[in-house]
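Mapping the sequence shown onto this note's numbering, position 39 (from 1) lands on 43, and the numbers just tick up by one.
All residues carry an ideal CB built from backbone N, CA and C; glycine is no exception.
Small disclaimer: the values here were computed from a predicted structure and weren't measured.
Structure first, commentary second.
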Amino acid sequence: MAPGDEYYRRTVITRLDGLSTQDHELLQATVEEWLDGCNIASNLAWENEHTQSGVRNIAKDGTG
């Protein structure tokens, strides 16, 4: 991890410590849904591609 990445990571962790229980649960649910979406997209990409570079190209095409 690059030094700048560690700074942002620590900043996010520090700022999330003060969340209320309700906000923490909402954030956790949001992250879980986001991860589910990433897994669905990845699985769909692997059905059509057989290399990491092929999957990466699909991801770039879909976001550009």
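- Between the alpha carbons of T25 and L31 lies a gap of roughly 10 Å.
- Annotation: H54 is outside any alpha helix (DSSP H) and is labelled neither H nor E by DSSP.
- When DSSP states are grouped into helix, strand and coil, G22 belongs to the coil group.
- The distance from the Cβ of E51 to that of I62 is about 10 Å, inconsistent with a contact at the 8 Å cut-off.
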